[in-house]
Structure formats: C-alpha cells, structure tokens
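Mature numbering (1 follows the signal peptide of the UniProt record, and there is no 0) puts the sequence shown at residues -27 to -1, 1 to 801. For reference, the structure is listed below as structure tokens.
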Amino acid sequence: MEPLHSCLLTLFLIVFLASLSVSEVAAGFLNFPPSGPFVPPDCYLIDCGSSHPTILQDGRRFQSDHDSSSLLSTGKDVFASVDSVHVGNSSPYLSSLPLFQTARIFTDESVYSFGISSPGFHWVRLYFYPVPHPSYNLSNAIFTVSANGVVLFCGFMPKKELPQVMVKEYLINTTSSSSSSNKLTLKFTPAKNSFSFVNAIEIVSMPESLISDTASSIRPLGDFSGLSWYAFEVVYRLNIGGTTISPSDDTLFRLWQPDNPFMTFPEGARNLSFPPGEINYPGQGANPHIAPNGVYASAITMADSQVNQQKFNLTWEMNVNSGFSYLIRLHFCDIVSKSLNELYFDVYINGKIGVSGLDLSSLTGRLATAYYRDFVVDSSALINSSIMVQVGPSSSIDSSLGNAILNGLEILKMSNSVRSLDSSSRFDPIPGPGTIKMKIFGTVLLVMAIIAMVFLAMALVRIRKKRDSDWKYGKSFSSWLPLNTSKASLSSSRSSYRSTFLASSKSKSGYSSFFASAGFGRLFTFKELQEATQNFDEKAMIGVGGFGKVYLGTLEDGSKVAIKRGNPKSQQGINEFQTEIQMLSRVRHRHLVSLIGYCDDNSEMILVYEYMSNGPLRDHLYGSNRPLLSWKQRLEICIGAARGLHYLHTGAAHGIIHRDVKTTNVLLDENLVAKVSDFGLSKAAPEMEQTHVSTAVKGSFGYLDPEYFRRQQLSDKSDVYSFGVVLFEVICARPAIDPALPREQVSLAEWAMKWQRKEMLEKIIDPHLAGKFCPESLRKYAEAAEKCLAEYGVDRPAMSDVLWKLESALQLQEAASRVNPSEGELQV
C-alpha cells in the first residue's frame, strides 16, 4: 500500500505543478493557503501553578509545573489557583485562556534554565494576572525579570500595571548574549520584602527569516545594521483595517489586534477586505511566518473624507516609552488596484520620509502579493513619546488616483546600551559584545573631548590677546550694544577711538574705506548718512516697520541706497535689527537684497542696503498706481523669489529659514528682478539630524504655516507654506487676509484652495490676466501653489521642487507665446 500511496502523491504533485503557469513557477509565486504552524526546534510551554497539562483551543499543550520542575531552581515558592477569571474591559481572547487561572509565586530569586538546541532568536512570552491567594495579594507584588542578562522589566507592580490580563512578549537572541548560546535563563527577582509570580511561560524558537540584521534608518537616513545584537519587546501588533487575528490563525501563534484605537482620522479611511486564500507570497521576502494571510487580506485606503485637502495622509499614532529606539515593520499588499503600476504612495515615520513613491507592483510583480518593510526609529526622533506612521499620495510622482494603503503594523522596542528594555532598570547587566564596544568607544570619545578642550582653551587665549591688541590700535570698535544700554561711557569711549582711527582712514572722496572684520560690510559715519537722507527727511522715507524707518538715500557718488534706521524705543526692532545683520553678513545671492554697510555712531544702529527702485511686489498687484504685471513677468518674479529662498535653505554655509515670506518682502529692482528682503525674523535652520527648530511663533498673519502655529516647530517647510500664499496672491491680486470680504473669502489660502480643488481657479484670478495666459502654464503654476499649502510640512515640496514647477510653467508660457505672440501680453 505504501508504494501505491507514494505514486498517488507524486501524481498529485505533477498535476498541481502543471496547473501553474510558467510565469508563476519562474517567479516563485505560490498562492495556496499557508502551511500549518511553524514547528520550532525549541518549544517550552508551562502552565505555572497548574497540577496537570493544559491544552488550548489552538492545539498547544502547556506542561504542568510538575512536568517542568527540572527547569526551575528556586529558594521558596507557592501556588495559587482560581476556578475562572472574570476581567472587565479585557481582550476577549486573552481573558478566556485557562492559563490565567493558576500562578506560581516566588518569595526568593528563582531561575528557569531552558536548554537551547537551535541558537538564535526565541520568543519569550510571559502571562500575568493576580489570581486570589489566601496569604499573598499578587496585586501588591514588586519584582524584576531578566533573560540571559537582558532586563525585561524592572520593579513591575501589578497594582499599577495589571488592570486586566496581560501577555508580555519578547524576542531574545541566545547567540548575542554573554550566556552560553545553548541555554536561555529566565530570572525572577522579587524586591525586598516582596515576591514575584507568573501564570504561564513560553520559550519558543523563531524562524530564522523573521528578523533580518538590517533595516532602514529614519534618522539619520540610511541603512541600520546589527539588529541581531538587540533584544526586542513587542509593543504593538496591529491588523490594519481588519478584526482580531487569534494565535490559532497565525503560524507563529501571534495575536493581532485591530487598529481602530490608533487611527487619528477615521473619516478619511476606507476598510478593504480580500479573500485570504487568494493572497500571494513571493518566492523571497514575505512568507506566512512574517504575517498570516489574514493580515494581508485586510487594509485601509483613503476615502472621500469630505475635507478641503483631499491629498491627506492616513495616520496612526501610538504611545511608546521615551529613551528607546524602535523597530517598525509595515506590511503592504495591493488589494485595491485593478492593474499594475496604479498605486504610488509615500510612507512617513514621525514626519520623516521612509519611502517615496512606493510602487508595490514593481516590487512584487503582481497584485495581491505580500510585502513588508522594516524601519528603525532612534530615540531622538520620537515626538512626545509617540510613534506616528503615515501613508499618503506620492508627492514626487503625479498620480490622478491619489491613494495609499497599509495592511499591518508592528512596533518592537529595542534594548538600550545597557541591554535593558525597562527605563527604570537598576540592574548591573553582564555586558555583551555591543556593550563592550560602546564602552571602548565612549572612552575614546572622552580622551578626544579632553584634547579638544585643551586646544580650545589655547585658542581662546590667543583670540583674547589679539582682541586686546586690536583694541589698543583701534582695529575693532563695533559693539552693537542694545540702543537702550546703560553703558554710555563705554560707547562714548569707543566712539572716541573710532573717530581717531577714521580720521586717518578716509578716502579722498570722503567715504570711509574701513570694513568691519566681521564681514558686515562698509562702515558709514552717522554724518554721511545724515547727508545722504537730508538729515533723515520724512519726505525721503520709503518704509516703516518694527525696527524703525527706511529712507531713500543718495551717496556723494550719486548712487542710491535704502537706509534702515533702528528705533531706540523698539526692543523688538533692535532684536530684528541684530538678526538681520548677522544673517545678511553670511549670504550673497542675486535674488537676495544685498547689505552694503552699517553705522553704529552715537549709539545709532543703521543698515544700508542696495536700493530696489520698483519697490515691493505687492504694489504691482493691487493697492497702488504702479504698472500692472503680465503673466510672464509674474512668473519670472516668482521664479526669482523661489531661487532666493532655495539658496537660503540649501546654499548658505548653514541653512536659513526666512520666517516672514510675503509679497511686501519681495522687492523689485529697475529691471523687475525679484529679491527677497527683511531678515529680521530669520532663524538658523536645524542641524542635519534635526527636523525643526522649536521657537516662539512669529510671522505675518495670513502667511503663517498652520503646523508651525500649532506646534511651535519651525522648519524650511514653513517658508514653503508662506510662499504658496504668495503664489496665490500673485495670481489672484488680492491680500492674503481681507476682513472686508465674506467670511469664506477672508483667507486667500482657504479661498484659493477651494477653487483649485475644483480645478476652476481661473474663476478667481486677476481679471487683468483673463485670456492672457497659457492654460497649461496656469495649471502647472497652480499645482505648485497647492502643494506648498499642504497641511503638514512633510507633505510640502522642497523649494527646489517648487522652483522646477515654476520654471516649467514659464517654459509652457513662452512656448505658447511663440505660437500666439499676443498671448501673455497684459491689456490694461
């Protein structure tokens, strides 16, 4: 009979494989249901406190304490049991388990020692519930548990942490610990005058493919390697868009919870389902052990949320412990597309781009195919002790579909540098290879820091000697003290030295040839600027702000300049004044207003700029008698301003955020070349490893980034938002805020976006432009403006991308003008 049975089995396999297409076999795709549970080389299941084995509904058999007594060494222990567990507001699956009806109590340090036949990662699952006992109130227990020198939790207090049944789940690699790789020890240590307990224990081998050694790092962006040296705690395991998946439906007996409590915008989400048996697993990568097909057969995609901004992100936010890094695994399966290459979307982790333009079909080769991606988030990248996962339409690829998808989400806490998974750990763990390397590295850093401090001290001594020498010979006089300083005598003394020095350094034309050593530009005397402005005649005033007034001045050689004089009574103006001189001394660009020089005579604080004869951009759009601009001129001006902002963000030695981008701060010279001005509110951009600068909210109402306003977190994307308002202001020729209009029209950003989403922006543009532009050019321009006004900074393009779209709009306009020369000419 056996030979006949073998023949029939062989025949069945031949027929089955023949039924597969050649392409499916070649690609390694098999869409038959996943095989049975993984058979682990090491498997220890103990129902602690039970006098007999316990068999769960999923078929797993837990040994009794008596059967596993050889694994435990303990000083003293007792048992507790109850007929049933009644727990409110708990997981229905967990509270139904018989494992919580008994417990083993340890009054001394106790150690389980498990023999390991297959070194590598092992599950460590611990079950806790304070069952009643006549002598021990398990709710009052305080204890610590460690595994192979890794502190799993320290000072655990069921009274605070067990409102319901709990399973704590860990991944321990026996080859990365200091203990022998053929043994896993689990140590329970009660606090003084207390005790510990446990209801059930699982020690089970994991498939080798489950945890890779590498993942994608979010900050800094790149690859993260060495995951095998870490221990992990499972914090969240979510079946996105689906219901609870019990261990009996998972090949590794994992529990998957619904994602509903963590979805921040359910109105914008649409749940999808798919026949689980039709989920494909590729030949390499995802497999039934990575996640069951029930995870990949459910998903959430974008729905019509009835909001103005339809290109939003689907967002999940989970609370985590600060001070730890986290491994995040995202599961994807395209069960929404009808054909390949339809779905492109971006993935964000805590506001940082994880994947741009993710196309699942190009990675898997077919639809409904499992795919997963691992990310590591450093502890410094956590936002308010939480992890935020987002998926949304691709910002780098134009797609009319505008959709995104997520099927599953896992978050695992990574052990820290002292091999602990508990921030309150007071243990002195045995150092593993990673810890030893960290200690060596720390010692080297300490030595280098001491050497650096010695050299720094020597440099400071030399600088001080040079400064004293320069002071003695009159080489440095600029104090830039606040105008209301009480150190009048010091200022007077310095003015005396300055006058003596300048008397011998004037040129034949009467101007000072002295340049400040700090690179702030030419030093003017107060008398020179008095003469240039007719003693600061009010008729020469061309502007006013918090810093003071701006005058048009004419120097002796006939050149015109803009002279900004600080107001002694405005402390805000002084701060802006000092910021502006610091910023402008660092940058030079064709599309930034140039700083020519300064004056600090007689406690005055005055800056001198190049004169922009055509004034602010706003005056050419509405509210003045200046000539109106053609569509082509408006495009060229916006491109110039974008180039200036792009240089600020990326071209300077250290990036600069302008923080007050608006049409009055875009000035035009005699040739209508745009230059960005007024850097009084500017801030240095964050360092490479940072995403934003935390600072008080400043800017102009109507142009202010809403995300910056809510979180007080400034980034270069705040300038991008403000520039988007400018773009709409240029084309609509109306103020950013106009209280005189009906309520829905007061904010230009909201009003313009409403019409842009309807693809009817031409209904509200400047009437003077009607029929004088290329429709394709306007469409490209409007797309750029719309992307700038995305609600979240991570969804906004960089200034380089905005610049590219504006230049494309100009090219389209010029091409249309060659065909129809009258197109683009403004008729007034």
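Note that the Cβ used here is the ideal one computed from N, Cα and C, for glycine as well. Treat the numbers as computed from the prediction; the structure is a model and nothing was measured.
Given a threshold of 16 other Cβ atoms within 10 Å of its Cβ, counted over all protein chains shown, does residue i qualify as buried or as exposed?
i           : result
E759        : buried
G521        : buried
S190        : buried
I423        : exposed
residue 802 : Residue 802 falls outside the range modelled here, since the chain spans only -27 to 801, and no answer is possible.
T636        : buried
E702        : buried
A722        : buried
F87         : buried
L331        : buried
E181        : exposed
F682        : exposed
What distance in whole Å lies between the Cβ atoms of residue j and residue i, which are believed to be in contact at a cut-off of 8 angstroms?
i    : j    : result
I213 : G381 : 6 angstroms
T216 : P231 : 6 angstroms
T237 : T288 : 5 angstroms
G128 : A164 : 7 angstroms
Y571 : L496 : 7 angstroms
L641 : G588 : 7 angstroms
Y100 : L72  : 5 angstroms
P92  : T148 : 5 angstroms
L300 : L385 : 4 angstroms
S219 : Y66  : 5 angstroms
L645 : Q606 : 6 angstroms
Which class does residue i belong to by DSSP, given the choice of helix, strand or coil?
i           : result
V(-6)       : Only weak support exists for where V(-6) lies, its pLDDT of 31 falling under 50; the value from the coordinates is given anyway. The answer is helix: DSSP assigns V(-6) an H, G or I state.
T27         : strand
L355        : coil
C127        : strand
G250        : helix
L762        : coil
H627        : coil
T342        : strand
Q686        : strand
F696        : helix
D196        : strand
C705        : helix
I273        : strand
I515        : strand
N292        : strand
R467        : Note that R467 scores a pLDDT of 35, beneath 50, so its modelled location is shaky and nothing firm can be said.
F235        : helix
I738        : coil
M387        : strand
H622        : helix
A782        : helix
V104        : coil
residue 808 : Outside the shown range of the chain (-27 to 801) lies residue 808, about which nothing can therefore be said.
C16         : strand
S43         : helix
Can you check which of these residues, the options, is closest to residue i by C-alpha distance?
i    : options                : result
L45  : L618, G624, V268, V84  : V84
F205 : L336, V703, D395, H619 : D395
A377 : F305, L313, I322       : F305
D347 : N155, G241, I184       : I184
K325 : Y344, V364, E181, D332 : V364
K690 : K656, F247, Q729, C761 : C761
S23  : R34, P13, Q30          : R34
L785 : S576, G596, N323, Y754 : Y754
L590 : G32, S650, L721, V523  : S650
L756 : P248, M726, P255, G258 : Reading off the sequence, residue 756 comes out as Glu, not Leu. With distances taken between Cα atoms, E756 lies closest to M726.
K648 : V699, L565, S603       : L565
G672 : P740, L654, N121       : L654
L211 : N146, M291, S169       : M291
T527 : S720, L245, A120, Q503 : Q503
V391 : Y209, P261, Y203, S353 : Y203
T117 : P103, F79, L144        : F79
K745 : N575, L608, D351, F428 : L608
When the Cβ atoms of the stretch 17 to 35 are set against those of the stretch 174 to 183, are three or more pairs found closer than 8 angstroms?
yes
Are at least three pairs of beta-carbons, each pair with one atom in the stretch 693 to 701 and one in the stretch 622 to 636, less than 8 angstroms apart?
The answer is yes - the stretch 622 to 636 touches the stretch 693 to 701, with three or more Cβ pairs under 8 angstroms.
Is there contact here, the stretch 578 to 590 with the stretch 528 to 535, by at least three beta-carbon pairs under 8 angstroms?
A contact exists between the stretch 578 to 590 and the stretch 528 to 535.
Does the stretch 601 to 618 touch the stretch 503 to 511, meaning 3 or more C-beta pairs lie closer than 8 angstroms?
no
At least 3 beta-carbon pairs within less than 8 angstroms: the stretch 294 to 301 vs the stretch 351 to 363:
yes
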